[in-house]
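Residue numbers (the working numbering): 213 to 507.
Note that beta-carbon positions come from the ideal geometry of N, C-alpha and C, so glycine has one too.
To start, the structure itself, in C-alpha coordinates.
Here you go:
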(Lines of atoms letter the chains of each structure in order from A; the text may use other names.)
(Lines give C-alpha, C1' and ligand atoms only; values in the text may rest on other atoms or scores of the structure.)
Protein backbone atom coordinates (compact mmCIF):
# COMPACT_ATOMS: atom_id res chain seq x y z
CA UNK A 213 0.00 0.00 0.00
CA UNK A 214 2.84 2.41 0.86
CA UNK A 215 4.45 1.81 -2.54
CA UNK A 216 1.17 2.55 -4.32
CA UNK A 217 0.72 5.78 -2.35
CA UNK A 218 4.32 6.72 -3.12
CA UNK A 219 3.75 6.14 -6.84
CA UNK A 220 0.56 8.20 -6.68
CA UNK A 221 2.47 11.04 -5.01
CA UNK A 222 5.24 10.86 -7.62
CA UNK A 223 2.56 10.90 -10.32
CA UNK A 224 1.05 14.06 -8.81
CA UNK A 225 4.49 15.70 -8.88
CA UNK A 226 4.97 14.65 -12.52
CA UNK A 227 1.55 16.09 -13.37
CA UNK A 228 2.38 19.38 -11.65
CA UNK A 229 5.70 19.55 -13.50
CA UNK A 230 3.92 19.11 -16.81
CA UNK A 231 1.82 22.19 -16.08
CA UNK A 232 4.87 24.42 -15.53
CA UNK A 233 6.69 25.75 -18.61
CA UNK A 234 10.39 24.90 -18.38
CA UNK A 235 9.97 21.96 -15.99
CA UNK A 236 9.92 18.43 -17.42
CA UNK A 237 7.71 15.69 -16.08
CA UNK A 238 10.10 13.23 -17.71
CA UNK A 239 12.96 14.58 -15.60
CA UNK A 240 10.92 14.09 -12.43
CA UNK A 241 10.14 10.51 -13.51
CA UNK A 242 13.84 9.74 -14.08
CA UNK A 243 14.87 11.26 -10.75
CA UNK A 244 12.17 9.30 -8.89
CA UNK A 245 13.13 6.07 -10.72
CA UNK A 246 9.72 5.57 -12.36
CA UNK A 247 10.63 6.52 -15.94
CA UNK A 248 10.30 2.91 -17.10
CA UNK A 249 6.75 2.80 -15.72
CA UNK A 250 5.96 6.12 -17.43
CA UNK A 251 7.14 4.72 -20.77
CA UNK A 252 5.13 1.50 -20.26
CA UNK A 253 2.03 3.55 -19.51
CA UNK A 254 2.53 5.95 -22.41
CA UNK A 255 3.36 3.33 -25.04
CA UNK A 256 0.25 1.28 -24.14
CA UNK A 257 2.37 -1.82 -23.72
CA UNK A 258 -0.54 -3.92 -22.46
CA UNK A 259 1.59 -6.96 -21.68
CA UNK A 260 3.84 -4.97 -19.34
CA UNK A 261 0.88 -2.99 -18.00
CA UNK A 262 -0.89 -6.23 -17.04
CA UNK A 263 2.19 -7.40 -15.14
CA UNK A 264 2.46 -4.11 -13.18
CA UNK A 265 -1.12 -2.86 -13.34
CA UNK A 266 -1.33 -1.63 -9.74
CA UNK A 267 1.86 0.42 -10.03
CA UNK A 268 0.94 1.78 -13.46
CA UNK A 269 -2.60 2.67 -12.34
CA UNK A 270 -1.34 4.51 -9.23
CA UNK A 271 1.13 6.50 -11.32
CA UNK A 272 -1.49 7.32 -13.97
CA UNK A 273 -4.05 8.47 -11.39
CA UNK A 274 -1.41 10.65 -9.73
CA UNK A 275 -0.43 12.30 -13.03
CA UNK A 276 -4.08 13.00 -13.84
CA UNK A 277 -4.70 14.44 -10.38
CA UNK A 278 -1.58 16.60 -10.62
CA UNK A 279 -2.68 18.13 -13.92
CA UNK A 280 -6.38 18.58 -13.11
CA UNK A 281 -6.12 19.68 -9.48
CA UNK A 282 -3.04 21.87 -9.63
CA UNK A 283 -3.41 23.68 -12.98
CA UNK A 284 -5.33 26.51 -11.34
CA UNK A 285 -3.08 26.49 -8.24
CA UNK A 286 0.06 26.87 -10.36
CA UNK A 287 -1.59 29.70 -12.31
CA UNK A 288 -2.47 31.52 -9.08
CA UNK A 289 1.04 31.04 -7.69
CA UNK A 290 2.65 32.40 -10.85
CA UNK A 291 0.26 35.37 -10.87
CA UNK A 292 0.76 36.20 -7.18
CA UNK A 293 4.36 35.08 -6.51
CA UNK A 294 6.15 34.76 -9.88
CA UNK A 295 9.71 35.09 -8.55
CA UNK A 296 9.22 32.67 -5.66
CA UNK A 297 7.40 30.07 -7.79
CA UNK A 298 10.06 30.27 -10.50
CA UNK A 299 12.82 29.98 -7.88
CA UNK A 300 11.38 26.71 -6.56
CA UNK A 301 11.37 25.16 -10.01
CA UNK A 302 14.85 26.54 -10.73
CA UNK A 303 16.00 24.63 -7.66
CA UNK A 304 14.42 21.46 -9.06
CA UNK A 305 16.13 21.90 -12.43
CA UNK A 306 19.54 22.77 -10.95
CA UNK A 307 19.28 19.79 -8.61
CA UNK A 308 18.65 17.45 -11.53
CA UNK A 309 21.79 18.52 -13.47
CA UNK A 310 24.33 16.48 -11.40
CA UNK A 311 22.02 13.47 -11.59
CA UNK A 312 21.74 13.67 -15.38
CA UNK A 313 25.50 14.18 -15.67
CA UNK A 314 26.06 10.96 -13.72
CA UNK A 315 23.59 9.14 -15.99
CA UNK A 316 25.41 10.32 -19.13
CA UNK A 317 28.82 9.49 -17.66
CA UNK A 318 27.74 6.02 -16.54
CA UNK A 319 26.36 5.26 -20.01
CA UNK A 320 29.69 6.00 -21.70
CA UNK A 321 31.55 2.73 -22.37
CA UNK A 322 35.10 2.73 -21.01
CA UNK A 323 38.16 0.53 -21.41
CA UNK A 324 39.55 -1.69 -18.64
CA UNK A 325 41.88 1.09 -17.54
CA UNK A 326 38.92 3.45 -17.16
CA UNK A 327 39.73 5.55 -20.23
CA UNK A 328 36.99 6.72 -22.59
CA UNK A 329 37.25 6.72 -26.37
CA UNK A 330 37.78 10.35 -27.41
CA UNK A 331 35.47 10.03 -30.42
CA UNK A 332 32.56 8.82 -28.29
CA UNK A 333 33.28 11.53 -25.73
CA UNK A 334 33.26 14.33 -28.32
CA UNK A 335 30.05 13.03 -29.88
CA UNK A 336 28.41 12.88 -26.48
CA UNK A 337 29.56 16.40 -25.60
CA UNK A 338 28.29 17.55 -28.99
CA UNK A 339 24.84 16.15 -28.24
CA UNK A 340 24.85 18.03 -24.95
CA UNK A 341 25.78 21.25 -26.74
CA UNK A 342 23.00 20.73 -29.31
CA UNK A 343 20.44 20.28 -26.53
CA UNK A 344 21.63 23.43 -24.78
CA UNK A 345 21.61 25.51 -27.98
CA UNK A 346 18.15 24.21 -28.91
CA UNK A 347 16.72 25.26 -25.56
CA UNK A 348 18.37 28.68 -25.68
CA UNK A 349 17.00 29.13 -29.20
CA UNK A 350 13.49 28.31 -28.00
CA UNK A 351 13.95 30.80 -25.17
CA UNK A 352 14.99 33.54 -27.60
CA UNK A 353 11.96 32.80 -29.78
CA UNK A 354 9.72 33.11 -26.75
CA UNK A 355 11.37 36.37 -25.66
CA UNK A 356 10.84 37.84 -29.13
CA UNK A 357 7.12 37.19 -28.73
CA UNK A 358 6.76 34.69 -31.59
CA UNK A 359 4.19 32.75 -29.59
CA UNK A 360 0.77 34.20 -28.96
CA UNK A 361 -0.68 34.39 -25.46
CA UNK A 362 -4.27 34.87 -26.67
CA UNK A 363 -6.71 32.69 -24.75
CA UNK A 364 -9.38 31.07 -26.95
CA UNK A 365 -12.35 29.46 -25.20
CA UNK A 366 -14.91 29.11 -28.03
CA UNK A 367 -14.92 25.77 -29.86
CA UNK A 368 -14.33 25.56 -33.60
CA UNK A 369 -13.26 22.62 -35.83
CA UNK A 370 -10.06 24.44 -36.85
CA UNK A 371 -9.15 25.15 -33.22
CA UNK A 372 -9.86 21.52 -32.29
CA UNK A 373 -7.52 20.28 -35.03
CA UNK A 374 -4.84 22.77 -33.98
CA UNK A 375 -5.09 21.75 -30.32
CA UNK A 376 -4.96 18.04 -31.20
CA UNK A 377 -1.77 18.46 -33.27
CA UNK A 378 -0.12 20.71 -30.69
CA UNK A 379 -1.16 18.34 -27.91
CA UNK A 380 0.55 15.46 -29.72
CA UNK A 381 3.77 17.47 -30.17
CA UNK A 382 3.73 18.57 -26.52
CA UNK A 383 3.07 14.99 -25.34
CA UNK A 384 6.14 13.71 -27.17
CA UNK A 385 8.17 16.54 -25.64
CA UNK A 386 6.73 15.84 -22.20
CA UNK A 387 8.16 12.31 -22.22
CA UNK A 388 11.71 13.49 -22.90
CA UNK A 389 13.48 14.25 -19.62
CA UNK A 390 14.52 17.88 -19.85
CA UNK A 391 11.94 19.13 -22.33
CA UNK A 392 8.79 20.70 -20.93
CA UNK A 393 5.60 19.91 -22.79
CA UNK A 394 4.12 23.12 -21.42
CA UNK A 395 7.12 25.07 -22.72
CA UNK A 396 6.58 23.59 -26.18
CA UNK A 397 2.92 24.63 -26.02
CA UNK A 398 4.09 28.10 -25.01
CA UNK A 399 6.36 28.33 -28.06
CA UNK A 400 3.55 27.04 -30.29
CA UNK A 401 1.19 29.65 -28.87
CA UNK A 402 -1.34 27.29 -27.29
CA UNK A 403 -0.23 27.19 -23.64
CA UNK A 404 -2.66 29.78 -22.26
CA UNK A 405 -5.60 28.27 -24.15
CA UNK A 406 -4.82 24.73 -22.97
CA UNK A 407 -4.20 25.78 -19.36
CA UNK A 408 -7.46 27.75 -19.27
CA UNK A 409 -9.35 24.80 -20.78
CA UNK A 410 -7.99 22.49 -18.06
CA UNK A 411 -8.68 24.98 -15.28
CA UNK A 412 -12.26 25.59 -16.50
CA UNK A 413 -12.90 21.94 -17.47
CA UNK A 414 -13.86 23.11 -20.97
CA UNK A 415 -14.88 19.68 -22.29
CA UNK A 416 -15.27 20.61 -26.01
CA UNK A 417 -11.65 21.79 -26.05
CA UNK A 418 -10.31 19.12 -23.69
CA UNK A 419 -11.47 16.26 -25.95
CA UNK A 420 -9.24 17.13 -28.96
CA UNK A 421 -6.39 17.98 -26.60
CA UNK A 422 -6.72 14.57 -24.93
CA UNK A 423 -6.85 12.74 -28.27
CA UNK A 424 -3.73 14.52 -29.49
CA UNK A 425 -1.88 13.93 -26.24
CA UNK A 426 -2.82 10.24 -26.29
CA UNK A 427 -1.54 9.75 -29.83
CA UNK A 428 1.65 11.65 -29.06
CA UNK A 429 2.33 9.66 -25.90
CA UNK A 430 2.01 6.28 -27.63
CA UNK A 431 4.23 7.22 -30.58
CA UNK A 432 6.71 9.23 -28.54
CA UNK A 433 7.17 6.62 -25.82
CA UNK A 434 8.20 3.93 -28.29
CA UNK A 435 10.64 6.22 -30.10
CA UNK A 436 12.22 7.48 -26.88
CA UNK A 437 12.55 3.98 -25.42
CA UNK A 438 14.38 2.89 -28.58
CA UNK A 439 16.76 5.86 -28.55
CA UNK A 440 17.58 5.57 -24.84
CA UNK A 441 18.27 1.87 -25.24
CA UNK A 442 20.47 2.21 -28.34
CA UNK A 443 22.21 5.54 -27.63
CA UNK A 444 22.07 6.11 -23.85
CA UNK A 445 25.12 8.37 -23.41
CA UNK A 446 24.34 10.81 -26.27
CA UNK A 447 20.67 10.89 -25.26
CA UNK A 448 21.39 11.70 -21.61
CA UNK A 449 23.93 14.33 -22.70
CA UNK A 450 21.29 15.84 -25.00
CA UNK A 451 18.80 15.79 -22.12
CA UNK A 452 21.38 17.43 -19.84
CA UNK A 453 21.83 20.24 -22.35
CA UNK A 454 18.08 20.74 -22.57
CA UNK A 455 17.73 20.88 -18.79
CA UNK A 456 20.57 23.39 -18.42
CA UNK A 457 19.13 25.55 -21.20
CA UNK A 458 15.68 25.59 -19.60
CA UNK A 459 17.08 27.73 -16.77
CA UNK A 460 17.06 30.73 -19.10
CA UNK A 461 13.29 30.53 -19.32
CA UNK A 462 12.67 29.76 -15.65
CA UNK A 463 14.73 32.70 -14.38
CA UNK A 464 12.26 35.20 -12.85
CA UNK A 465 12.71 38.40 -14.87
CA UNK A 466 11.40 40.66 -12.13
CA UNK A 467 12.86 43.80 -10.59
CA UNK A 468 12.35 45.73 -7.37
CA UNK A 469 11.80 42.70 -5.14
CA UNK A 470 11.84 43.56 -1.40
CA UNK A 471 14.71 42.01 0.53
CA UNK A 472 12.37 39.74 2.50
CA UNK A 473 10.89 38.32 -0.71
CA UNK A 474 14.39 37.71 -2.08
CA UNK A 475 15.11 35.68 1.05
CA UNK A 476 11.94 33.68 0.42
CA UNK A 477 12.98 33.13 -3.21
CA UNK A 478 16.39 31.85 -2.13
CA UNK A 479 14.83 29.59 0.49
CA UNK A 480 12.35 27.92 -1.85
CA UNK A 481 15.12 27.52 -4.45
CA UNK A 482 17.18 25.60 -1.88
CA UNK A 483 14.13 23.52 -0.94
CA UNK A 484 13.59 22.52 -4.57
CA UNK A 485 17.28 21.70 -4.98
CA UNK A 486 17.39 19.68 -1.76
CA UNK A 487 14.27 17.69 -2.68
CA UNK A 488 15.68 16.65 -6.06
CA UNK A 489 19.11 15.89 -4.59
CA UNK A 490 17.49 13.67 -1.96
CA UNK A 491 15.50 11.61 -4.47
CA UNK A 492 18.31 11.38 -7.04
CA UNK A 493 20.82 10.24 -4.41
CA UNK A 494 18.40 7.53 -3.25
CA UNK A 495 18.05 6.12 -6.77
CA UNK A 496 21.53 4.61 -6.99
CA UNK A 497 21.34 2.58 -3.74
CA UNK A 498 17.87 1.34 -4.69
CA UNK A 499 19.10 0.09 -8.06
CA UNK A 500 22.10 -1.58 -6.43
CA UNK A 501 19.78 -3.39 -4.03
CA UNK A 502 17.61 -4.49 -6.95
CA UNK A 503 20.68 -5.86 -8.74
CA UNK A 504 21.73 -7.82 -5.65
CA UNK A 505 18.23 -9.27 -5.30
CA UNK A 506 18.26 -10.38 -8.95
CA UNK A 507 21.57 -12.20 -8.43
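Identify whether residue i lies in helix, strand or coil by the three-state DSSP scheme.
i	result
residue 217	helix
residue 322	strand
residue 388	coil
residue 256	coil
residue 229	helix
residue 263	helix
residue 402	coil
residue 413	coil
residue 364	coil
residue 470	coil
residue 545	Only positions 213 to 507 of the chain appear in the structure, and residue 545 is not among them; the question remains open.
residue 282	helix
residue 236	coil
residue 339	helix
Excluding five sequence neighbours on each side, which residues of the same chain lie with their C-beta closer than 8 Å to the C-beta of residue i?
i	result
residue 345	453, 457
residue 312	239, 242, 389, 390, 448, 451, 452, 455
residue 286	228, 231, 232, 297
residue 283	231, 407, 410, 411
residue 486	303, 307
residue 332	320, 321, 445
residue 222	240, 241, 244, 246, 271, 274
residue 469	295, 477
residue 341	453
Counting only the same chain and skipping the five closest in sequence on each side, list residues whose C-beta sits under 6 Å from that of residue i.
i	result
residue 278	224, 227, 228
residue 347	454, 457, 458
residue 250	241
residue 425	379, 383
residue 363	404, 405, 408
residue 164	Lying outside 213 to 507, the shown extent of the chain, residue 164 is not represented and no answer is given.
residue 489	307
residue 343	450, 453, 454
residue 339	446, 449, 450
Measure the Cβ-Cβ separation of residue i and residue j and say whether it is below 7 Å.
i	j	result
residue 430	residue 296	no
residue 446	residue 336	yes
residue 275	residue 484	no
residue 236	residue 392	yes
residue 375	residue 416	no
residue 214	residue 351	no
Of all the options the options, which has the alpha carbon lying nearest to the alpha carbon of residue i?
i	options	result
residue 248	459, 440, 393, 236	440
residue 266	217, 292, 303	217
residue 231	428, 280, 420, 471	280
residue 246	321, 269, 235	269
residue 404	385, 379, 427, 423	379
residue 435	412, 387, 426, 418	387
residue 462	294, 489, 334	294
residue 414	433, 367, 442	367
residue 373	330, 473, 423, 310	423
residue 353	396, 292, 316, 381	396
residue 252	341, 433, 308, 343	433
residue 299	427, 479, 370, 489	479
residue 438	222, 244, 255, 221	255
Based on DSSP bridge pairs, tell me the residues matched to residue i.
i	result
residue 328	322
Who are the near neighbours of residue i in its chain, counting only those whose CB is closer than 7 Å to its CB and skipping five residues on each side?
i	result
residue 322	328
residue 290	297
residue 219	246, 267, 270, 271, 274
residue 301	232, 234, 235, 462, 484
residue 317	none
residue 365	408, 414
I'd like to know if residue i contacts chain C, where contact means its C-beta is closer than 7 Å to some C-beta of that chain.
i	result
residue 247	You won't find chain C in this structure, because it holds only one protein chain.
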